[in-house]
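Written out below as structure tokens is the structure these notes cover.
Residue numbers (this note's numbering): 1 to 143.
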């Protein structure tokens with residue numbers, strides 16, 4: 001690579017939920033990752049092996065990061081100002097849920113993980129209240 005090409009090359013790579021906004025949004029993605037976090041905490045508590053526990057913590061944190069990512073995508077890409085009429089506490093709901101993800105990352109408490117799952121249920125209710133289950137899925141949402 002020539003010095004000029006190297007100088008003109010991008011210095012950072014940007015990533016997004018979609019390179020082309022697909023319009024598919026569903027809190028179920030966050031819920032699946034949060035359920036994984038819950039199960040990992042259960043397995044962590046049931047195993048005394050330090051190597052297993054270290055691996056479990058690393059995996060739990062990675063899954064929690066995915067929960068936060070999926071919540072952020074919903075909050076920033078799906079929800080619009082007009083949705084505040086149907087869900088007036090929308091910003092508080094997401095603020096608290098993403099803060100709870102951070103709490104779950106910092107602990108191995110099943111209660112913290114249960115609280116996160118309940119918050120994701122609230123996000124799901126907000127998504128449904130704004131028609132997300134019919135607007136953002138090709139064939140609607142299963143069940």
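Virtual Cβ for every residue (Gly too), placed ideally from N, Cα, C.
Simplified DSSP state of residue i, which is helix, strand or coil
{"i": "residue 24", "result": "coil"}
Cβ-Cβ distance between residue i and residue j below 8 Å
{"i": "residue 87", "j": "residue 126", "result": "yes"}
{"i": "residue 63", "j": "residue 36", "result": "yes"}
{"i": "residue 90", "j": "residue 34", "result": "no"}
{"i": "residue 130", "j": "residue 83", "result": "yes"}
Same chain, Cβ closer than 7 Å to residue i, five either side skipped, listed in chain order
{"i": "residue 65", "result": "none"}
{"i": "residue 23", "result": "136"}
Beta-carbon contacts of residue i that lie in its chain and below 6 Å, excluding the five residues immediately before and after
{"i": "residue 38", "result": "113"}
{"i": "residue 31", "result": "120"}
Of the residues the options, the one placed nearest residue i, counting alpha carbons only
{"i": "residue 29", "options": "107, 123, 59, 130", "result": "123"}
{"i": "residue 107", "options": "3, 132, 92, 44", "result": "44"}
Original post:
What are the complete alpha helix (DSSP H) segments, minimum 4 residues, inside the region 42–128?
Top reply: 50–73, 90–105
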